[in-house]
Ligand SMILES: [Zn+2]
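In this note's numbering, the protein residues as written are 1055 to 1196.
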């Protein structure tokens, strides 16, 4: 799943749980777990470093827009949850940068220990768009 989708979903998870009274550390930890769940949904993944850079910039841009939108009062939780949800993909960006090989990846959904089903761009773009849209709605209304 794309970094930007992980970031928005992680932010939505942390904000929702924190608003429900869950301690901040647990809310942020749950954001990391959303990475496993999202990677288990069949989706498209890019395979190039330039695409990874665009996706990373998109993640920062979306979180920055949300922080500036006035929709979110707890911007610390927005950024922490967003980072926690996306952080496992830093190793994938390193793979695309050729800083490490895929064999050095450690996150379970990146090593094959947990499911990570892939789809071609079409229809594989649909799940990330739907998940990101749902996460944005959650952030809007939490
Ligand atoms: Zn991942």
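Where a beta carbon is used, it is the ideal one built from N, C-alpha and C, also for glycine.
Take residue 1170, set aside five residues on each side of it, and the residues of its chain with a beta-carbon closer than 6 Å to its own are 1093 and 1163, in chain order. Our two residues, residue 1189 and residue 1103, have alpha carbons roughly 26 Å apart in a direct line. Between the beta-carbon of residue 1061 and that of residue 1139 there is about 6 Å, and that keeps the pair under the 8 Å contact cut. A residue is called buried when at least 16 other Cβ atoms come within 10 angstroms of its Cβ; residue 1137 meets this threshold and is buried. Leaving aside the five residues that flank residue 1168 on each side, the residues in its chain whose CB is nearer than 8 Å to its CB run, in chain order, 1090, 1093, 1094 and 1162.
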